[in-house]
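Working notes for the structure below.
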Amino acid sequence: MAPFSFGSGNVAKLLRLPLYALGRLGTLVVPRGDTWVFGCGAGIGDGALALWRVASATGHRAVWLTTSSREEADAAALGIRTVPKAGLRGWWTTARAGVVVVTHGLGDVNRYASSGAFVVQLWHGIPLKRIGLDSPVTAQVPRVPGAPLLRRLIRAAYRSAAQRIRLMPAASDRARGRLESAFGLGDDRVLVTGEPRVDVLSAGTAPARRDAATTLLLRTGPLLPGQRAVLYAPTWRDGAPDPAVPAADEWIRIVRLLERHDAVLFVRSHPLGAGAYAPPWSSGRVRMLGADVLPDVTPALPRIDVLITDYSSLAFDVGLLAMPVVYLAPDVEEYARERGFYGSYTAVAGADHAVDWGGACAQLDALLGDPAVFTERSERSATLSAHMHAHRDGRNTQRVYQAIRARGIPAPKGAR
Numbered sequence: 026m027a028p029f030s031f032g033s034g035n036v037a038k039l040l041r042l043p044l045y046a047l048g049r050l051g052t053l054v055v056p057r058g059d060t061w062v063f064g065c066g067a068g069i070g071d072g073a074l075a076l077w078r079v080a081s082a083t084g085h086r087a088v089w090l091t092t093s094s095r096e097e098a099d100a101a102a103l104g105i106r107t108v109p110k111a112g113l114r115g116w117w118t119t120a121r122a123g124v125v126v127v128t129h130g131l132g133d134v135n136r137y138a139s140s141g142a143f144v145v146q147l148w149h150g151i152p153l154k155r156i157g158l159d160s161p162v163t164a165q166v167p168r169v170p171g172a173p174l175l176r177r178l179i180r181a182a183y184r185s186a187a188q189r190i191r192l193m194p195a196a197s198d199r200a201r202g203r204l205e206s207a208f209g210l211g212d213d214r215v216l217v218t219g220e221p222r223v224d225v226l227s228a229g230t231a232p233a234r235r236d237a238a239t240t241l242l243l244r245t246g247p248l249l250p251g252q253r254a255v256l257y258a259p260t261w262r263d264g265a266p267d268p269a270v271p272a273a274d275e276w277i278r279i280v281r282l283l284e285r286h287d288a289v290l291f292v293r294s295h296p297l298g299a300g301a302y303a304p305p306w307s308s309g310r311v312r313m314l315g316a317d318v319l320p321d322v323t324p325a326l327p328r329i330d331v332l333i334t335d336y337s338s339l340a341f342d343v344g345l346l347a348m349p350v351v352y353l354a355p356d357v358e359e360y361a362r363e364r365g366f367y368g369s370y371t372a373v374a375g376a377d378h379a380v381d382w383g384g385a386c387a388q389l390d391a392l393l394g395d396p397a398v399f400t401e402r403s404e405r406s407a408t409l410s411a412h413m414h415a416h417r418d419g420r421n422t423q424r425v426y427q428a429i430r431a432r433g434i435p436a437p438k439g440a441r
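Mind the numbering: the sequence shown is residues 26 to 441 in the numbering used here, read in order.
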């Protein structure tokens with residue numbers, strides 16, 4: 026079982042209500058300054074890191090709130106000043122901040138001290154599956170007496186917290202509508218600036234991006250220049266195991282296919298997901314690329330040749346690289362019923378999406394073995410991305426920064 030689900034998380038929120046009330050009272054008397062505070066549910070990375078670099082380079086006093094020694098070490102390697110987000114010091118740092126930047130939720134920083142700040146919610150992907158107020162699982166609670174009332178309380182708390190967001194970037198008008206609906210925000214707060222987290226897929230030259238991505242993937246072992254790289258990235262299922270975890274006979278087929286095409290499969294399970302993804306024997310062809318190895322997978326995408334996923338927003342992102350996608354969704358009907366999609370799944374994945382590893386391997390075999398198939402699927406991916414990403418110039422972060430400044434956040438002291 027995964028360490029987190031909406032049900033368990035919502036129970037914890039209800040139990041913390043007195044602390045939220047105390048924290049809100051505290052922020053009423055503590056004056057906010059000009060510090061920018063950053064946090065990210067995935068570690069030191071994502072759009073928060075991109076915006077930190079711009080804010081820091083411009084001269085703003087920027088602090089990252091961390092949850093572990095690993096995050097502290099990753100931040101130190103980048104020259105980022107940190108403060109532990111839990112405890113009085115984390116509360117004080119958040120309460121004094123003028124700008125609070127998050128990627129997942131207000132819990133990315135000290136959750137009790139965000140009231141009254143200029144909150145920038147960068148989010149962490151273009152939603153394909155329904156999120157926030159649009160999804161019934163957001164207000165999920167255990168089956169106990171009074172559960173309907175608890176769900177109403179959770180939805181009310183979620184909507185109230187979302188109203189603290191002052192700015193939320195969107196990748197496109199289509200994505201904008203989904204975010205406005207999911208967070209209950211008006212169009213004055215959700216702007217089509219492009220997402221800072223994907224600037225790394227557009228900025229600079231293609232060879233430079235590929236070299237940087239290769240360096241990241243080398244953390245898992247050797248990767249020769251001519252070897253093909255495949256990424257399997259299933260999404261989170263609210264604590265339930267991934268139904269597409271390969272069985273032993275499926276692993277045999279997968280590894281044989283990888284050997285035939287001289288390819289390496291990187292498995293990127295969701296940080297909150299569950300499932301035993303490693304094959305039952307050691308194989309250098311299959312490598313784990315979890316958050317413990319690479320907190321942010323986006324910078325590694327330029328060295329990946331094919332993505333395999335189910336409902337991950339990576340399917341929209343890799344189109345910026347014209348990367349083919351194999352969709353593997355054995356539980357699509359159940360997932361649509363319980364979680365829901367924006368639009369239809371087939372509009373994104375096509376009617377030919379795989380429902381088991383046999384079908385996925387057949388598609389992957391064709392992609393790696395037939396240049397015409399690879400080209401056709403690449404074009405399909407790029408077309409999808411063109412509908413979802415309005416900007417692809419590597420300057421999304423700059424647009425977000427300018428939008429923050431345009432909403433009354435002053436330049437750093439001493440800046441011209």
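All C-beta atoms, glycine included, are put in the ideal place defined by N, C-alpha and C.
message = At a threshold of 7 Å, does residue 179 count as lining the ligand ZN (C-beta to nearest heavy atom)?
response = Among the components modelled here there is no ligand, and therefore nothing to report on the ligand ZN.
ask   = According to DSSP, is residue 26 helix, strand or coil?
value = Taking the first residue of the sequence shown as position 1, residue 26 is located at position 1. Only weak support exists for where residue 26 lies, its pLDDT of 37 falling under 50; the value from the coordinates is given anyway. Residue 26 falls in the coil class under three-state DSSP.
Validate contact between the segment 355–369 and the segment 418–435 using beta carbons, cut 8 Å, 3 pairs = no
task = Report yes or no: do the segment 226–246 and the segment 264–281 share at least 3 C-beta pairs separated by less than 8 Å?
result = No, the segment 226–246 does not touch the segment 264–281.
request  = Rounded to whole angstroms, what's the CA-CA distance from residue 253 to residue 49? Just pull it up for me.
outcome  = Indexing the sequence shown from 1 puts residue 253 at position 228. Indexing the sequence shown from 1 puts residue 49 at position 24. Using only the alpha carbons, I get a separation of about 52 Å.
task = Report buried or exposed for residue 53, applying the criterion of at least 16 other Cβ atoms within 10 angstroms of its Cβ.
result = For the purposes of this step, residue 53 is taken as residue 28 along the sequence shown, with counting starting at 1. The residue is exposed, with fewer than 16 neighbouring Cβ atoms inside 10 Å.
ask   = If you draw a straight line from the alpha carbon of residue 51 to that of residue 306, how long is it in whole angstroms?
value = For the purposes of this step, residue 51 is taken as residue 26 along the sequence shown, with counting starting at 1. For the purposes of this step, residue 306 is taken as residue 281 along the sequence shown, with counting starting at 1. Spanning the two alpha carbons is a distance of roughly 55 Å.
task = Go to residue 193, then tell me how far its beta strand (DSSP E) extends in each direction, as first and last residue.
result = Translated into the one-based positions of the sequence shown, residue 193 becomes position 168. Start and end: 190–195.
ask   = Where does residue 438 land, buried or exposed, given buried means 16+ other C-beta within 10 angstroms?
value = Here residue 438 refers to the residue found at position 413 of the sequence shown. The residue is exposed, with fewer than 16 neighbouring Cβ atoms inside 10 Å.
request  = Leaving aside the five residues before and after residue 42 along the sequence, list all residues of the same chain whose C-beta is less than 6 Å from its C-beta, in chain order.
outcome  = Taking the first residue of the sequence shown as position 1, residue 42 is located at position 17. Excluding residues within five positions, none has a Cβ falling inside 6 Å.
query = What's the C-alpha gap between residue 111 and residue 135?
reply = Position 86 of the sequence shown, counting from 1, holds the residue named residue 111. Position 110 of the sequence shown, counting from 1, holds the residue named residue 135. Distance between the alpha carbons of residue 111 and residue 135: 6 Å.
task = Drop a sphere of 10 angstroms on the beta-carbon of residue 441, count the other beta-carbons inside from all chains shown, and report buried for 16 or more, exposed for fewer.
result = Here residue 441 is taken as the residue at index 416 of the sequence shown, counted from 1. Below a pLDDT of 50, predicted positions are generally treated as unreliable, and residue 441, at 49, falls in that range; the measurement from the model is reported next regardless. That one is exposed.
Separation of residue 395 from residue 139, as counted between CA atoms = Taking the first residue of the sequence shown as 1, we reach residue 139 at position 114. Taking the first residue of the sequence shown as 1, we reach residue 395 at position 370. C-alpha separation (whole angstroms): 53 Å.
Rounded Cβ spacing between residue 314 and residue 322 (contact assumed at less than 8 Å) = If you number the sequence shown from 1, residue 314 lands on position 289. If you number the sequence shown from 1, residue 322 lands on position 297. Going by Cβ atoms, the distance from residue 314 to residue 322 rounds to 7 Å, so yes, they are a contact pair.
ask   = Do the segment 71–83 and the segment 155–170 make contact, defined as three or more Cβ pairs closer than 8 Å?
value = Below 8 Å, too few C-beta pairs join the segment 71–83 and the segment 155–170 to call them touching: fewer than three.
message = Quick check: residue 385 and residue 351, are their CB atoms within less than 8 Å of each other?
response = For this step, residue 385 is matched to residue 360 along the sequence shown. For this step, residue 351 is matched to residue 326 along the sequence shown. Taking 8 Å as the Cβ cut-off, residue 385 and residue 351 qualify as a contacting pair.
query = Under 8 Å, do residue 371 and residue 258 count as touching if we go by C-beta distance?
reply = On the sequence shown, position 346 is the one that residue 371 refers to. On the sequence shown, position 233 is the one that residue 258 refers to. Against a cut-off of 8 Å, the Cβ pair of residue 258 and residue 371 comes out as no contact.
query = Buried or exposed: where does residue 368 fall if 16 or more other Cβ atoms within 10 Å of its Cβ makes it buried?
reply = Within the sequence shown, numbered from 1, the residue matching residue 368 stands at position 343. Under this definition residue 368 is an exposed residue.
request  = Kindly indicate which three-state DSSP category residue 131 falls into: helix, strand or coil?
outcome  = Counting from 1 along the sequence shown, the entry for residue 131 is found at position 106. If DSSP states are grouped into helix, strand and coil, residue 131 belongs with the helices.
inquiry  = Rounded to whole angstroms, what is the Cα-Cα separation between residue 310 and residue 121?
reply    = Numbered from 1 along the sequence shown, position 285 holds the residue referred to as residue 310. Numbered from 1 along the sequence shown, position 96 holds the residue referred to as residue 121. Residue 310 and residue 121: Cα-Cα distance of roughly 49 Å.
query = So what does residue 89 bridge to, in DSSP terms?
reply = What you label residue 89 is simply residue 64 of the sequence shown in a count that begins at 1. Assignment of beta-bridge partners to residue 89 by DSSP yields 63 and 107.
key: Classification of residue 37 by the beta-carbon crowding that lies within 10 angstroms, buried from 16 upward   = Along the sequence shown, read from residue 1 onward, the residue named residue 37 stands at position 12. Residue 37 is exposed by the Cβ-count criterion.
ask   = How close, in whole Å, do the beta carbons of residue 219 and residue 85 come, if the pair is a contact with beta carbons under 8 Å?
value = Residue numbering aside, residue 219 sits at position 194 when the sequence shown is read from its first letter. Residue numbering aside, residue 85 sits at position 60 when the sequence shown is read from its first letter. The pair is not a contact, with the Cβ atoms about 21 Å apart (cut-off 8 Å).
query = On the premise that residue 194 lies in contact with residue 210, defined as a C-beta separation below 8 Å, what is that separation, rounded to the nearest angstrom?
reply = Here residue 210 refers to the residue found at position 185 when the sequence shown is read from its first residue. Here residue 194 refers to the residue found at position 169 when the sequence shown is read from its first residue. Contact doesn't hold; Cβ gap of about 12 Å is too wide.
request  = Give me the Cα-Cα distance between residue 293 and residue 201, rounded to the nearest whole angstrom.
outcome  = Looking up residue 293 in the sequence shown gives position 268. Looking up residue 201 in the sequence shown gives position 176. A straight line joining the alpha-carbon of residue 293 with that of residue 201 spans about 27 Å.
ask   = Which residue comes first and which comes last in the alpha helix (DSSP H) that contains residue 425?
value = Translated into the one-based positions of the sequence shown, residue 425 becomes position 400. Looking at the DSSP string, the run of the alpha helix (DSSP H) that includes residue 425 is 421–431.
ask   = Could you give the distance in angstroms between the alpha-carbon of residue 26 and the alpha-carbon of residue 295?
value = Counting from one through the sequence shown, the residue named residue 26 turns up at place 1. Counting from one through the sequence shown, the residue named residue 295 turns up at place 270. Low confidence applies here, because residue 26 scores a pLDDT of 37, under 50, leaving its location unreliable; read the following figure in that light. Spanning the two alpha carbons is a distance of roughly 13 Å.
key: 6 Å Cβ shell around residue 77 - same chain, five flanking residues per side excluded   = Start at 1 with the first residue of the sequence shown, and residue 77 comes out as number 52. Answer for residue 77: 63 and 87, listed in chain order.
message = Which residue marks the beginning of the beta strand (DSSP E) containing residue 14, and which one marks its end?
response = For residue 14 there is no data in the structure shown, the boundaries of the chain being 26 and 441.
ask   = Do the CB positions of residue 346 and residue 226 come within less than 8 Å of each other?
value = By one-based count along the sequence shown, residue 346 stands at place 321. By one-based count along the sequence shown, residue 226 stands at place 201. The Cβ atoms of residue 346 and residue 226 sit closer than 8 Å to each other.
ask   = How far does the beta strand (DSSP E) with residue 146 in it reach, from first residue to last?
value = Working through the sequence shown from its first residue, we reach residue 146 at position 121. Here the beta strand (DSSP E) through residue 146 covers 143–146.
task = Could you tell me if residue 165 is buried or exposed, where buried requires 16 or more neighbouring beta carbons within 10 angstroms of its beta carbon?
result = Counted from its first residue, the sequence shown places residue 165 at position 140. Buried, because 16 or more other Cβ atoms sit within 10 Å of the Cβ of residue 165.
query = Do residue 117 and residue 105 have their C-beta atoms within less than 8 Å of each other?
reply = As a working mapping, residue 117 is identified with position 92 in the sequence shown. As a working mapping, residue 105 is identified with position 80 in the sequence shown. Not a contact, by the Cβ cut-off of 8 Å.
key: Sheet register partners of residue 258 (DSSP bridge)   = For the purposes of this step, residue 258 is identified with residue 233 of the sequence shown, where counting begins at 1. According to DSSP, which records beta bridges pairwise, residue 258 is partnered with 334.
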